[in-house]
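As C-alpha cells, the structure follows; a few thoughts come after it.
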Amino acid sequence: MTEDLSPAERYAAARIRAVEEATALAPFRAMYEFELDPFQIEACQSLEAGKGVLVAAPTGSGKTIVGEFAVHLALQQGRKCFYTTPIKALSNQKYTDLARRYGPEKVGLLTGDNSVNSEAPVVVMTTEVLRNMLYAGSQSLLGLGYVVMDEVHYLSDRFRGAVWEEVIIHLPESVTLVSLSATVSNAEEFGDWLDTVRGDTDVIVSEERPVPLWQHVMAGRRMYDLFEEETDHGGRGPGRREVNPELARLARMENQRTYNPKDRRRGKMVREADRERERRQRTRIWTPGRPEVIERLDAEGLLPAITFIFSRAACEAAVQQCMYAGLRLNNDAARARVREIVEERTSAIPSEDLHVLGYYEWLEGLERGIAAHHAGMLPTFKEVVEELFVRGLVKAVFATETLALGINMPARSVVLEKLVKWNGEQHADITPGEYTQLTGRAGRRGIDVEGHAVVLWQRGMDPVGLAGLAGTRTYPLRSSFKPSYNMAVNLVQQFGRHRSRELLETSFAQFQADKSVVGISRQVQKNEEGLEGYREGMTCHLGDFEEYARLRRDLKDRETELAKQGAAQRRAAAATSLEKLKPGDVIHVPTGKFAGLALVLDPGIPAGRSNGHRGFEHHDGPRPLVLTAERQVKRLASMDFPVPVEPLERMRIPKSFNPRSPQSRRDLASALRTKAGHIEPERHRRHRAAAADDREIARLRTELRAHPCHGCDEREDHARWAERYHRLQRDTRQLERRIEGRTNTIARTFDRIVALLTELDYLRADEVTEHGKRLARLYGELDLLASECLRAGVWEGLTPAELAACVSALVYEARQSDDAVAPKVPAGKAKAALGEMVHIWGRLDALEEEFKINQAEGVGQREPDLGFAWAAHQWASDRTLDEVLREAEMPAGDFVRWTKQVIDVLGQIAAAAPREGSTVAKNARKAVDALLRGVVAYSSVG
C-alpha cells in the first residue's frame, strides 16, 4: 500500500505515525489485543488534550476503555485516579480487573464495608464514598487528577441519584472528569451542563452496537422474528423495519372470541370445520415453560442466555423447574471444573452455614450449568455465578433486573419473560430505556457474531407495541437532585449560606428546570405581543372598552355562579328525596334511558348513610335499583333524577322475587302496571330564577347600560376582541406562574431546610453549631433523626446488640410494607429506645410539615422501619445464622446487605457521638465487631 504513495505522501504519513506514537494513547492501545473503536479513540484523545469527556454508548460497547485510559494517564503523570461505580459488586469487579492489569500495589478499593490499599494511586470506590470524602475534606484528595464516574446515568435514580450531582459539583476544578453513560437521548443537554460546572467537556455519543442485536418472540414451539426484515442490520444503520405479519396474525387470532354455541353467522350456526381449524390454530399459541425455552435456545445454539424475571422467588423457582425437568447443560469435565471453582471460592464459609444457605442445591444447579442471580443471594454466591457464567461454565442464568446495572456478564441471548414489572408501587410496563438496558447484555464482543433478544409470548401481547419498545432509543437523563439535611450543613460549613445557595443553583436539576423556563418565557413574550394586537382591536372611540368588557364578564360570572348554586340545590334536594326511598316504593323516573314508571327494589344508599341500607357502594349519592314497567332491572344514577322524586304508591315485593328470572320480572312488572299505570306523575314546578332577585346582577346591569361603550355600533365586534384578550391574558398569567414555580426551586428547598435546621439550632446564620457538626458526619436517609437521637441521649446505656437493633431502624426499609403485622422487636431498653425514636420522628415530621418540606418530593425523613431490629439484635447477640434467618424470614443476601448497612451507619455514629460522658461511641464500635462475623464478614476482595 505504501509503495503506491509518493515520497511526499510517505513522509507525511511517517510524520503522523511519529506524532501518534509520541502520545500516551499509543502504548495504551498496544495493551489491547483488539483495535479501539473510533468513539473510544476520540474520547481518549480529548482526555489526553486535557478535556473532560462524557461518553454515551450502548451497554457492552466498551465505554470502560475510556475510564481505563484515565487510569493509564494518572499513573503516567504521577497523579491519582478515583474510579467510581454505583454498586459494590461493580466496584469489586473493576478492582479485580485493574489490579490484574496494573498490579495490586497500585490499585485500592473503598466500598464502605471493604477497604483495600486505600492510599494507592488508583482507587475504585462507590460514588457515596467519594461524596463523603469531599465533604470531610479527606487528605486522600491531594494529588487527585482524574475521576471516572461509571454508569453516570444513575443520577436519574430517585433514591441515590443526587450523590452523582454532589460529586460533580464539589470536585476540585483541577480534577478531570470522565463520565460514562448508557445511550441517553439528551446527552448533549447533560454535556452542556458539565461544560458549565466542570469546564471544557467533549460529548462523544455512539449509538452503534458492537454486536448486532436480533429481536424475536417465542410462542408455542416456534421462535418468530419480531421484524419482517432487519434492513438496518441489527441497529447499526438506517432503515425501516416492519412487524412480522405472522406475529400480527397470531395476535389477531388470540383476540378473536372463543366459540359460543349461541353465535350465529348470517343466521347459521358456525360450521364444525371452522371450529376445528380455530382450535388447531389456538393450540399453536402458548407461553413456553422455562425448561422448554432453555432447551429451545440450546438447540438453536443461542446459549449462554440470561432470562430476566422481575421476581427473586421466580428466579429460584426457574432453576428448580429446570432441574426437575432433567436439564443438563454441562458435560462431565465442565461439572468437575465447576465443583473445583465453587469449593475454592466458598472454602471460608463454615460447614454448618452451608446447609442454611442452600449451598448443596445451589451447587447442583451450577454443575448442570443453571443458576439464579438476584440481590437476595449471598454476595459470594452471586460472584461465583458471575465468574462461572463469564467462563462459559454456567449457560443459563435467571436474573432480576439488578444484573443489568453494569456487571460484566454478557450473553449470546437475553430472554424477557414479561414486559411488566413491579416498580415499588405498582405493576408498570417496562420503559424503552429499561428494555434497551436489559437486552443490551445480548451479544459478546469478540465472541458472538450477533446477539439475540427473545420475548416470550404472553396473552394479550401487542407485537406493534413490542416493536415500538424495541425500536425506541429515547432514554432521557432526568435529574433527581434534592438537598438533604446533611448536605445543607456540609455546604454551609464549607461555603456559607449564600455561596451554598449559588452552588445548588448550578445543579443539573436546576439547569433542566431553567432550560424548560426558556421555552415558556418565549411563549410569554409571544403572548404579550398578541395582547397588544388584541388591545388595539377592542379600542372604542366612545370610552374604555376594557372596563366595559370587565363589567360584561363580571355579570356573566355572577349569572353562572347563581346557576351553579341553583343546580347544586336541585341536586341536593333530589339526593335527599332518593335517600328517603324504601323497597316497594313506586316512583316515576323523570329523565334518562329508563324514564317512566319504576318499582324500587333497593334504595342503593351508601354504607353508613340514612336508613342504614348497605346497597351498592358508590361515591355520588344514592343509586336505587329498580324494576321498570318494561321488565328491566337497572341501577339508576343521580343524573336520572335532576329533580326530587316522590313515591306514587307502595307495593309488596314477593320474597320469592328473583331479579335474574325473566318470569319473576315479567310478573312483578305486570303487577306494577296494574297498580300504578293509571297514576299521572306530579309535574315539577320551576321556581323563579335566583338571578331575577339578585342585587349584584341588578347593579352590574345598570352600570353596563350606563357605560358609554354600550351605545357603540361596533360593540359586539369590540367584545369579541376583548374576549380573546381576556383568554390570552389568563393563559399568560398561568405561564408566568409556571416560570415562578420552576425558577430557583432547588434554592428555595435549601432555604426551607436551612430554616428548619436554624430552628433546631444546627445552624446560626453562616455558623454551624456543635449539633450541626455532628449532623455533618451522618449520611443517610434518616440523617437528622440519627442526629436528634444522639442529641437526646436515646441510645445511652444500651448494650451493643440493643444499639444495633435501634440503628437498623435508620437504614432498613421493607420491600413491601405490611402494616397488618407489628414487627418483632427486642424487649427492655431496646424497645423503649425504638419507641422514643418513633416519637422523635413524629416531632420532626410535624416540623417538616410546618416548614413545607415535602417527603413526596424526596426531601425529609421517612418513618423509621423496625422490621430488621430483631434480626440485628439476634445476630449481634451471637445467635447462629440458621436461627436468625429462620426467625427473620429473609434471604441470606438481604440479611447480609442490611447488616452491612447497619455496620456502615454504626461507624458513622461512632465517629459522630460525643467523646465524653457517653457510652454510644464505644458501644457502636463493639456492635460493629459483633455484627461483622460469619457470612457478613466473608469478603470477596482482599
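Heads up: the sequence shown runs through residues -6 to 935, numbered per our numbering. Ideal placement from N, C-alpha and C gives every residue a C-beta, glycine not left out.
Using 8 Å as the threshold, is the C-beta distance between F382 and P284 below it? Note that the C-beta distance between F382 and P284 is not below 8 Å.
Please name the residue in E235, A758, A50 and L148 whose C-alpha comes closest to that of F488. Of E235, A758, A50 and L148, the residue nearest in Cα terms is A758.
Which of helix, strand or coil does DSSP assign to Y541? Note: Y541 maps to helix in three-state DSSP.
Consult DSSP for C37 and reduce its assignment to one of helix, strand or coil. It is helical.
Residue of L91, A82, Q722 and I896 minimising C-alpha distance to C74: Nearest in C-alpha terms to C74, of all of L91, A82, Q722 and I896, is L91.
Are there three or more Cβ pairs, one per stretch, closer than 8 Å when the region 829 to 839 is compared with the region 777 to 784? Taking 8 Å as the limit for Cβ pairs, the verdict is that the region 777 to 784 does touch the region 829 to 839.
Verify the CB distance criterion: does G597 have a CB-CB separation below 8 Å to chain D? Looking for chain D here will not work: only one protein chain is present.
Span of the alpha helix (DSSP H), counted from its first residue to its last, around A82: Segment K81 to Y95, the alpha helix (DSSP H) holding A82.
Quick check on this structure: which residue in N179, S178 and M126 has the alpha carbon closest to the alpha carbon of V156? Ranking N179, S178 and M126 by Cα distance to V156 puts M126 first.
Along the chain, where does the alpha helix (DSSP H) that runs through F183 open and close? It spans A180 to R191 - the alpha helix (DSSP H) in which F183 sits, taken as one unbroken run.
Of the choices L750, H366, L548 and R151, whose alpha-carbon is the least far from that of L840? Per the Cα distances, L750.
To which residues of the same chain is A241 closer than 6 Å at the C-beta, ignoring the five residues directly before and after it? In the same chain as A241, and ignoring 5 residues on each side of it, the C-beta atoms closer than 6 Å to its own belong to P456, in chain order.
From the DSSP output, which residues share a beta bridge with H366? H366 pairs with A392.
Taking C-alpha atoms, which residue in I278, T695, E806 and C799 lies nearest to R245? The shortest Cα separation from R245 among I278, T695, E806 and C799 belongs to I278.
Verify whether the separation of the beta carbon atoms of Y527 and R726 is less than 8 Å. The answer is no: Cβ separation not under 8 Å.
So for I58, helix, strand or coil by DSSP? DSSP, reduced to helix, strand and coil, places I58 within a helical segment of the structure shown.
For L470 and G464, the rounded distance between their alpha carbons: Rounded to the nearest angstrom, the two C-alpha atoms are 18 Å apart.
Report all residues from its chain with a CB closer than 8 Å to the CB of H700; omit the five preceding and five following residues, and keep chain order. Around H700: G536, E540, Y541 and L544.
Do you know whose CA, among T584, G559, T792 and L693, lies nearest L548's CA? The closest CA to that of L548, considering only T584, G559, T792 and L693, is found on L693.
Within 8 Å, do at least three Cβ pairs link the region 114 to 124 to the region 62 to 73? Judged by Cβ distances under 8 Å, the region 62 to 73 makes contact with the region 114 to 124, as three or more pairs qualify.
Kindly indicate the opening and closing residues of the alpha helix (DSSP H) around I162. Residues A155 to H163.
The alpha helix (DSSP H) with Y478 in it runs from where to where? Element bounds for Y478: Y478 to L497.
Check for me: the alpha helix (DSSP H) holding V349 runs from which residue to which? Per DSSP, the continuous alpha helix (DSSP H) segment holding V349 begins and ends at S344 to V349.
Quick one: what does DSSP say V387 is sitting in, helix, strand or coil? DSSP places V387 in coil when its eight states are reduced to three.
Per the DSSP calculation, E642 is bridged to which residue(s)? In the DSSP assignment, E642 forms a beta bridge with V579.
Name, in chain order, the residues that DSSP records as bridge partners for A49. DSSP output for A49 lists S174 and V198 as bridge partner(s).
Would you grab the beta carbon distance between R338 and P884 for me? Rounded to a whole angstrom, and I think it's under 8 Å. Taking 8 Å as the upper bound for CB-CB distance, R338 and P884 are not in contact here, some 19 Å apart.
Can you grab the Cα-Cα spacing for the pair R770 / I846, in whole Å? Cα-Cα distance, rounded: 22 Å.
When you compare only the Cα positions, how much space is there between N237 and L243? If I take the Cα positions, the gap works out to 10 Å.
Keeping to the same chain, check which residues put their C-beta closer than 7 Å to that of P857; ignore five residues upstream and five downstream. Result list for P857: L775, L778, A802, L803, M830, V831 and W834, in chain order.
Below 8 Å on the Cβ atoms is my guess for P819 versus A798; work out the distance and round it to an integer in Å. P819 to A798, Cβ: 5 Å. Contact.
For Q208, the first and last residue of its enclosing beta strand (DSSP E): Here the beta strand (DSSP E) through Q208 covers L206 to A212.
Does D686 pass the burial test, meaning 16 or more other C-beta atoms within 10 Å, or should it be called exposed? So D686 counts as exposed.
Got a sec, what are the start and stop residues for the alpha helix (DSSP H) H445 sits in? Taken as a continuous stretch (DSSP letters only), H445 belongs to no alpha helix (DSSP H), being part of the beta strand (DSSP E) at G444 to L449.
Could you check what DSSP says for R405 in three-state terms: helix, strand or coil? Assigned with DSSP and collapsed to three states, R405 falls in coil, not helix or strand.
Going straight from the alpha carbon of G260 to that of R624, what length do you get? Note that G260 scores a pLDDT of 43, beneath 50, so its modelled location is shaky; the value from the coordinates is reported in the next line. When the Cα atoms are used, G260 and R624 turn out to be separated by approximately 27 Å.
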